[in-house]
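Just below is one structure, and these are the notes that go with it.
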Amino acid sequence: MPARLNPAASQRYYFYLLAPAVILLALISLYPFFWLIYMSLHQVSLSPNQPDVWIGLENYMKLFGDKRFLAGWRRLAIYSASCMTLQLGLGLLLALVLNNSRYEKPLVTVFLMPMMMAPVIAGLVWFYLYNGTFGWYNWALQSLGILSGKSILGSADTAMIGIVVVDTWQWTPLITLIVLAGLKRVPQDQIEAHMVDGAGSIRNFFSIVLPNLYPFLLIAVLLRFMDNFRFIDAILRLTGGGPADATKVLPVYLFEVSFTNFNLGYGAAIAFTLLVVTILIGLVLVRAFTQPSLRQKD
Amino acid sequence: MASKDIVTYRTPASVLAAVASVVFVVVFLLWTVLPLFIMFVSSIKDLLEAFKLPAVGDWSGIGVFFDFTPTFKHYVDLFQDEKFGTYFFNSVVSALGSAAISVVLGSMAAYALSRAEFRGKKDLFFWVISTRMAPVVAVMVPLFAIFRYAGLVGTLPGLVIAYTTFNLPFAIWILKGFFDNVPYEIEEAAMVDGSTRFQAFKGIIPLVSPGIGAFLVLCVLFAWNDFLFASIIGSGGAKTLPVATSGLVQPQNIQWGKIMAAGVVTTMPMMLLGLVIRRYLVTGLTMGAVRG
Amino acid sequence: MTKVKLVDVWKMYGKVPAVRDLSFECESGEFLCILGPSGCGKSSTLRMLAGLEHISAGDIRFDERRINDLPPKDRDIAMVFENYALYPHKTVFDNMANALKLRGMATDEIRGRVQKAADLLQIGALLDRRPQELSGGQKQRVAIGRAIVRNPRVFLFDEPIGHLDAKLRGHMRGELKRLQRELATTTIYVTHDQLEALSMADRIAVMNEGVLQQIGTPQEIYNHPANEWVASFVGEPPMNFLDVEIGTGGSETEVVVRCGGMQVALTDVHRAALDGARGGARLGIRPEALQVSGTADGPHWTAGTIYAVEPLGGDTLVEVAFQGGRVLAKTSADFVGAMDDPIYVSVDRTKLHLFDSGDGRALT
Chain R
1 MPARLNPAAS QRYYFYLLAP AVILLALISL YPFFWLIYMS LHQVSLSPNQ
51 PDVWIGLENY MKLFGDKRFL AGWRRLAIYS ASCMTLQLGL GLLLALVLNN
101 SRYEKPLVTV FLMPMMMAPV IAGLVWFYLY NGTFGWYNWA LQSLGILSGK
151 SILGSADTAM IGIVVVDTWQ WTPLITLIVL AGLKRVPQDQ IEAHMVDGAG
201 SIRNFFSIVL PNLYPFLLIA VLLRFMDNFR FIDAILRLTG GGPADATKVL
251 PVYLFEVSFT NFNLGYGAAI AFTLLVVTIL IGLVLVRAFT QPSLRQKD
Chain Y
1001 MASKDIVTYR TPASVLAAVA SVVFVVVFLL WTVLPLFIMF VSSIKDLLEA
1051 FKLPAVGDWS GIGVFFDFTP TFKHYVDLFQ DEKFGTYFFN SVVSALGSAA
1101 ISVVLGSMAA YALSRAEFRG KKDLFFWVIS TRMAPVVAVM VPLFAIFRYA
1151 GLVGTLPGLV IAYTTFNLPF AIWILKGFFD NVPYEIEEAA MVDGSTRFQA
1201 FKGIIPLVSP GIGAFLVLCV LFAWNDFLFA SIIGSGGAKT LPVATSGLVQ
1251 PQNIQWGKIM AAGVVTTMPM MLLGLVIRRY LVTGLTMGAV RG
Chain F
2001 MTKVKLVDVW KMYGKVPAVR DLSFECESGE FLCILGPSGC GKSSTLRMLA
2051 GLEHISAGDI RFDERRINDL PPKDRDIAMV FENYALYPHK TVFDNMANAL
2101 KLRGMATDEI RGRVQKAADL LQIGALLDRR PQELSGGQKQ RVAIGRAIVR
2151 NPRVFLFDEP IGHLDAKLRG HMRGELKRLQ RELATTTIYV THDQLEALSM
2201 ADRIAVMNEG VLQQIGTPQE IYNHPANEWV ASFVGEPPMN FLDVEIGTGG
2251 SETEVVVRCG GMQVALTDVH RAALDGARGG ARLGIRPEAL QVSGTADGPH
2301 WTAGTIYAVE PLGGDTLVEV AFQGGRVLAK TSADFVGAMD DPIYVSVDRT
2351 KLHLFDSGDG RALT
């Protein structure tokens, strides 16, 4: 293939092209990774004078007994699952309705807007809207009789709902965008053959449209899972993990341990577990991305 | 010639579905736009007027929301008192700077990964990508330590490099896919005509411009909207808009007008960006898997 | 068995008419071909018959019942698509059984029908495979199988063999015609290939630019084209056309057409059909109705030179240039002649056609 002209020269050439990027990345991502492992095996001291104390796997042992650690994973799972279900359902529905509509293009542009906002700002705005004293959404919910007394973010039961709603508000359009792209790839004549065979539109949807959408839905789901693990900007702004740890999903707990309590060694151990799980999900993502079915239809 | 859509036949069910669809879209539209709208309007309200709420249950009192005299003093305050001009500048520079570095280094690396064959190529590629997926929170501490050691904390160049951590892998990922779709024959033809390898490479760059477009948009978007990196690595000298906006929230006497205005300033450029390059968004957001 | 009738059917895409005022009937059990070039409206017509397009105006009736507002699934029609439209995630068996399953047929009966259809089309061995494992010809037979298990009122074919290689196409033409005879189902078959139409159809409806040009048996279409366009579209190699002048010949009753050095006396039949018309016209003559010879033994031979010779194996095509233009003649394979040789060409006057210079309609 490409190294036809002169194999040796080609290899060198590609090496030089690759080198700068790889070196930079190694410095700023590989190196920190090893440092992270190092830290997780030590009790890291904050002052430059005291050395770090080697404690082996003690940090990791502590993890298993740490209720807040385990709860953090549980809450993360609940958070991700709720976001995922809501966003998939709403996003799919919206895409179906918008597809082939006369107003598709302008509407999609409008629906994009929440995604353009910085998550931390979204958190701020919704914090404002949720506020017990002057928040309009809080007022509306109270007027509708759904909420009584306390504000959404102030009560442990509803706080999780509150942050799921914000994430849904921001990212459902992404699902819609992806599904729309997929809907346009559904082969029209298969649907028509199915209509001639005797299917109505509901049947058509489940038998023809949905199977063709699977790769797209998969990508959407995995992407959002990934993002749920990474973006805690909004949660930090909305609840900071409270009230009473109700929204302390694992990354938020990690943030607290590392940057509020400065327990760096322990934080590193938590970080390591988070990284491992994320990479595993990433592996699945990569495999899904490189499936031929998605690209070949271009 | 055939109709683009599938024909539908009017049945009572289909009419009902059509009506329900319209209702759904309208509701969703309002739901999507409302927070943005409230943000905008609140940013031009005087402080006290911002807190006016009707009594609980009093739906007719919604008009109270619109009962105010518009003022731009919050925006003025931002740029005069709060140095938002500087923060705006910081955001722009760090976003564009990181985009520039990532595009240059990334296209070279993506090209090499696309064309070269060597053992471990797949692993290298996966490692490159995994750096993009890592939760920032997880690597923040060691990253901070490294940057502090290099004296980059609180500096704009430091922030640019920090953003490159996630923009560079992203660039490599997206562009590799695009390079894969350009037949090597085109470069061979160029080389037969007399150009060097590198010139041939430069020659096919226009062919991957949709990929570069998609990448640039997303790169700028993510860097601009980032909060964690900027607050930790940029703290001190290189505050960006999201950090500054968040910083306006004091424990007591929250200046909501100013905060909303800051939110508008931070969000507007990105919304305009979204309007202009909607085309690239799907490609970019799905990391190249779905062509918009 | 159903009679299909189109009455004043129009199809508009926005402001553009794809089908104009189309009316024809297809008798029960008949194999009707809709023939025309791309964009002539034939696919639109078929899709309207299927219910995949809305009918802008007019009626379509199955056995006198107006079906305009019926969705495809209620019309009891089966369709074979140009690109087969097989379900990639189902096996061949499931592809063929799909429609029957949707209608709630019993599993045993489904299996029986599918097996019968598969045997008829000789794809019984492929029932467990998936579409991507099949060749083009196999896929096409599965698509046909999917249609025949249904036992519908009408078969609709949308250029089904267009994507097969030439040899397979030739083979399928015979097979399809046989199949239709055996099943005796009303069939409407759309194609742009006039060879397919001529060889398979009971009757052909020729369309151009949304308008029906002529409808008739293959013989009628071939031997008595209604206008110049139909004459030029049907027949391979295509008909020759010359601008001629109709005038009186030697004697009082003789009418001749003149073109360059050529003069042909019309037969009584043609003379009667012309009914006194004179002046400019278009002459159409098929290659097989022209003779070429090295010598001229009569006034009906026109002198010319050989422009090109194409030996086809079974016949030879000779293009002759003369004063009035160029014509292509079909002659036997024994023909001997080289480029630029002098040659004589003669017209079989019982087989000529005359068309109006203005609107192209047939005058004879």
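Protein chains in written order, with the numbering used here: chain R, 1 to 298; chain Y, 1001 to 1292; chain F, 2001 to 2364. Glycine included, each C-beta is placed from N, C-alpha and C at the ideal position. None of these values were measured; they are calculated from a predicted model.
The C-beta of F:L2052 comes closer than 8 Å to at least one C-beta of chain R. Cβ-Cβ separation between Y:G1211 and Y:F1178: approximately 3 Å, consistent with a contact (criterion under 8 Å). DSSP assignment within the segment 2040-2111 of chain F yields the following whole alpha helix (DSSP H) runs of 4 residues or more, N-terminal first: 2042-2050, 2092-2102. Taking 8 Å as the threshold, the shortest C-beta distance from R:V209 to chain F does not fall below it. Within the segment 51-65 of chain R, not one residue has a Cβ closer than 8 Å to any Cβ of chain Y. If you look at R:V166, you'll find it in the alpha helix (DSSP H) that goes 156-183. Leaving aside the five residues that flank F:M2012 on each side, the residues in its chain whose CB is nearer than 6 Å to its CB run, in chain order, S2056. At least one CB of chain Y lies nearer than 8 Å to the CB of F:D2069. Residues are counted here when their Cβ sits less than 7 Å from a Cβ of chain F; for the segment 180-201 of chain R these are D189, Q190, E192, A193, M195, V196, D197, G198, A199, G200, given in chain order. The beta-carbon of R:R237 is placed less than 8 Å from the nearest beta-carbon of chain Y. The beta-carbon separation of F:R2150 and F:A2078, rounded to 5 Å, stays under the 8 Å limit for a contact.
Spatial neighbours of R:V257 in its own chain (CB-CB distance under 7 Å, excluding positions within 5 residues in sequence) are listed in chain order as N263, Y266, G267, I270. By the 16-neighbour rule on beta-carbons within 10 angstroms, F:R2278 is exposed. Separation of the CB atoms of R:L147 and R:N138 is rounded to 7 Å, and the pair is thereby assigned contact status at 8 Å. Contact check for F:H2353 and F:G2284: beta-carbon distance about 4 Å, within the 8 Å limit, so the pair qualifies. Taking C-beta atoms as the reference points, F:G2041 and F:G2162 fail to come closer than 8 Å.
Under the 10 Å beta carbon count, F:S2135 is surrounded by fewer than 16 other beta carbons and is classified as exposed. Proximity of Y:Y1111 to chain R, defined by a Cβ-Cβ separation below 8 Å, is satisfied. Contact between the segment 1180-1199 of chain Y and the segment 1117-1135 of chain Y is absent: fewer than 3 CB-CB pairs across the two stretches fall below 8 Å. Per DSSP, the continuous alpha helix (DSSP H) segment holding R:S143 begins and ends at 136-143.
Residue F:L2121 holds the alpha-carbon nearest to the alpha-carbon of F:Q2138 among F:V2244, F:A2147, F:L2121, F:P2152.
R:Y130 does not reach chain Y, its nearest Cβ partner there being about 11 Å away, counting only Cβ pairs nearer than 8 Å. In its chain, beyond the 5 residues on either side, L41 have a beta carbon closer than 8 Å to the beta carbon of R:G56. For the pair F:P2037 and F:S2232, the Cα-to-Cα distance works out to about 12 Å. Residue contact with chain Y for R:Q43: absent (no Cβ-Cβ distance below 8 Å to any residue of chain Y). At least one C-beta of chain R is nearer than 8 Å to the C-beta of Y:S1246. Remark: C-beta atoms of R:D233 and R:V53 do not approach each other more closely than 8 Å. CA-to-CA, the gap between R:L70 and R:M84 works out to about 21 Å. Under the three-state reduction of DSSP, F:N2227 is assigned to strand.
Residue contact check for Y:V1007 against chain F: a CB pair falls below 8 Å. Approximately 14 Å separates the beta-carbon atoms of F:P2237 and F:P2311; this is outside 8 Å, ruling out the contact. Near chain R, meaning a CB-to-CB distance below 9 Å, the residues of the segment 1193-1224 of chain Y are R1197, F1198, F1201, L1221, W1224. Burial state of F:K2167 is exposed, judged by a 10 Å Cβ sphere holding fewer than 16 other Cβ atoms. DSSP lists F:V2019 as the beta-bridge partner residues of F:K2011.
Spanning the alpha carbons of R:S29 and Y:T1165 requires a straight line of approximately 7 Å.
Among the CB atoms of chain R, none fall inside 8 Å of the CB of F:F2241.
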